[in-house]
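Visitor: Taking the working numbering, I'd label the letters of the sequence shown as residues 709 to 1089.
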Amino acid sequence: MYTSFYIHWPFCPYRCSYCPFTALAGQDELMPTYHTALCNELLLWKQDKKYELETLYFGGGTPSTYPENLMLDMSAILSTVCSFNDECEITIEVNPGTLSASHSETWQKIGINRISLGVQSLNSQTLTLLNRLHTYDDVKNALALLVGKFKSISIDLMIGLPGVSCLEWEKTLKEVCSWPIQHISIYLLTIHKCTPLYFQLKQKNIKLPSTEETIRMFLCTQSYLQANGFEQYEISNFAKPGHRSRHNLKYWSHKPYLGFGLGACSFDGVTRSENTSSFTHYCSAIEQNSKPYESQEILSEEQILTEKIMLSLRLNTGLHLQQFNLSGTSINPAIKEFVDTLLHEQLVVCPTQDIVVLTPGGMLLENEIATRFCMLFLKKI
Ligand code: SF4
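(1) I'd like to confirm the pairing. Which residues does DSSP put opposite D864 in its beta bridges?
(2) Going by the beta-carbon positions, is the gap between H743 and Y774 smaller than 9 Å?
(3) At the level of alpha carbons, what is the spacing between F938 and H989?
(4) Do H891 and A947 have their C-beta atoms closer together than 9 Å?
(5) What number of angstroms, rounded off, separates the C-alpha of T1014 from the C-alpha of L1023?
(6) For A1042, which option in E920, Y722 and K1088 has the closest C-alpha, if you only look at C-alpha atoms?
(7) Tell me whether L1072 sits in a helix, a strand or coil according to DSSP, three-state version.
(8) Within the same chain, show all residues whose beta-carbon is closer than 7 Å to that of K758, passing over the 5 residues directly before and after it, in chain order.
(9) Write down the C-beta distance between A895 and S944 rounded to the nearest angstrom, noting that I regard them as a contact closer than 8 Å.
(10) What's the gap between the Cα of A731 and the Cα of T836?
(11) Three-state secondary structure (DSSP) at F926?
(12) Check whether the Cβ of G826 lies closer than 8 Å to any heavy atom of the ligand SF4, and answer yes or no.
(13) Among C973, E942, P964 and Y1001, which has the Cα closest to the Cα of L1072?
(14) With a threshold of 8 Å (Cβ to nearest heavy atom), would T763 be considered close to the ligand SF4?
(15) Is A972 helix, strand or coil when you go by DSSP?
(16) As a quick exercise: from T880, P904, I820 and K857, pick the residue whose alpha carbon is nearest that of R840.
(17) Could you tell me the boundaries of the beta strand (DSSP E) in which D794 lies?
(18) Report the CB separation of L1133 from L1066 in whole angstroms; it is logged as a contact under 8 Å.
(19) I need the DSSP call for R980, collapsed to helix, strand or coil.
(20) Would you kindly work out how many angstroms separate the C-alpha atoms of C928 and W887, rounded to a whole number?
(21) Helix, strand or coil for E942, going by three-state DSSP, please let me know.
(22) By the 10 Å Cβ neighbour count, where 16 or more other Cβ atoms means buried, how is D976 classified, buried or exposed?
(23) Across the region 994-1008 and the region 732-740, are there enough close Cβ pairs to call them in contact, namely three or more that are closer than 8 Å?
(24) Per DSSP, what kind of secondary structure is F1032 in: helix, strand or coil?
(25) Buried or exposed: which applies to C724, given that a residue is buried once 16 or more other Cβ atoms fall within 10 Å of its Cβ?
(26) Work out the CA separation of G868 and L1027 for me, nearest whole Å.
(27) Around the Cβ of V827, are there at least 16 other Cβ atoms within 10 angstroms (buried) or fewer (exposed)?
(28) Tell me whether the region 868-887 and the region 914-921 touch, counting them as touching only if at least three CB pairs, one residue from each stretch, are closer than 8 Å.
(29) Taking 8 Å as the cut-off, does the CB of G1069 come closer than this to any heavy atom belonging to the ligand SF4?
(30) Helix or strand or just coil, what does DSSP make of V1057?
(31) Quick one, which of C747, L778 and C973 has its alpha-carbon nearest Y959's?
(32) Excluding the 5 residues flanking I1077 on each side, which residues of the same chain have their C-beta closer than 8 Å to its C-beta?
(33) Quick one: residues in its chain with C-beta nearer than 7 Å to the C-beta of W815, no 5 flanking neighbours on either side, listed in chain order?
(34) With H, G and I counted as helix, E and B as strand and the rest as coil, what does DSSP make of C874?
(35) Using CA coordinates, which residue listed in S812, T806 and K857 is at the minimum distance from I842?
(36) Return the chain-ordered list of same chain residues with a C-beta closer than 6 Å to the C-beta of S981, the five sequence neighbours on each side being excluded.
Structural data, given as structure tokens:
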């Protein structure tokens, strides 16, 4: 059943000023213990017939800090638990400030073929404000080292950063489109309570772009990237043909996956399990040969339907109305009426009668539109 694995590496050299996650920053001495627990967690899932993976993802944290000897060891353990489909997509998230030629060679050796580079911004001052480890030059050096060695290179950028004007954002887009990369993820900066950035904002040391400016940047991103060959296949993700993230598409299509490591989630199609995010509890559960779950939730039909609606509206393949029509008969007139209103307001297009796809304007209201569809399908309005 499982064709996708996620492996979590929670270590980071420093904590980013916007980070709300349980990252282990500056605690490298714990790496060998964690690695052993991670390998043993994988072995807990070993079965007679190996899993045949279509995607494998090393996420974090900063998995590019995974020591090379331990990474080779992890690869050996993985090969006892799973085999890799010929087309298997194997991704690692990389901080440009942690990279060396030797890392790149090790990753190639173990079959990694996709790099997700955490660029975030091209502005040195902004990178310092975000407490990112890397500089603009590190990004350029990383690209020089990685290009041509891996099938796909993706970069992460952040939109809505303090002090970044629309003009500067346009310059960023222009520059990244000139790079030999195949995929771009754009995330909106979220200010989480009790992060250093939150306090800076509270003390008025920094100023975020206005909502109007952020919307303008988002709309400009869509048109600029599309014009430069990047298809917006998910609200935050743009890819050249053949370079969509197949791993993330599994999440967005509600497919099963297994997650390993601190705080990692797994999903079997009905039950979502979440590992503990306490380092001590994680290691001791594994030592006792038990799965390190913190919680397990069996999703109700209603939750599954809601999640599927929310996720499919984020994709450019859209919402297939008939798929969510629980009564199995013709589409409810109230849903038809809602679709007509959305069409009239140019918030959606319908490539066929049964499929609804958000327009750029509709994406800005994705949450509201998805919520309304959920209520209509569940007959709550
Ligand atoms: S790289 Fe990610 S997990 Fe690590 S400190 Fe930064 S935001 Fe947090």
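For each residue, glycine too, the CB sits at the ideal point set by N, CA and C.
Guide: To lay it out plainly:
(1) G826 and S893
(2) Yes; because the gap between Cβ atoms is below 9 Å, this pair is in contact.
(3) Their backbone Cα atoms lie some 43 Å apart in a straight line.
(4) yes
(5) 15 Å
(6) For A1042, the nearest C-alpha among the options comes from K1088.
(7) Coil, per DSSP.
(8) V789, C790 and S791
(9) Just to set this straight, residue 895 is Tyr in the shown sequence, not Ala. Y895 to S944, Cβ: 6 Å. Contact.
(10) 19 Å
(11) helix
(12) Yes, the ligand SF4 has a heavy atom inside 8 Å of this Cβ.
(13) E942
(14) T763 Cβ: outside cutoff for every heavy atom of the ligand SF4.
(15) coil
(16) Out of T880, P904, I820 and K857, P904 has the C-alpha closest to the C-alpha of R840.
(17) C790 to V802
(18) A query on residue 1133 cannot be resolved here, the shown segment of the chain reaching from 709 to 1089 and no further.
(19) strand
(20) 19 Å
(21) strand
(22) With fewer than 16 other Cβ atoms within 10 Å, it is exposed.
(23) no
(24) helix
(25) buried
(26) 28 Å
(27) buried
(28) By the Cβ test, the region 868-887 is in contact with the region 914-921, since at least three Cβ pairs between them sit closer than 8 Å.
(29) no
(30) strand
(31) Restricting attention to C747, L778 and C973, the CA atom closest to the CA of Y959 is found in C973.
(32) L1021, L1050, L1055, V1056, L1066 and G1070
(33) I800
(34) helix
(35) Before going on, a small fix: residue 842 reads as His here, not Ile. With distances taken between Cα atoms, H842 lies closest to T806.
(36) S974, Y1001 and Q1004
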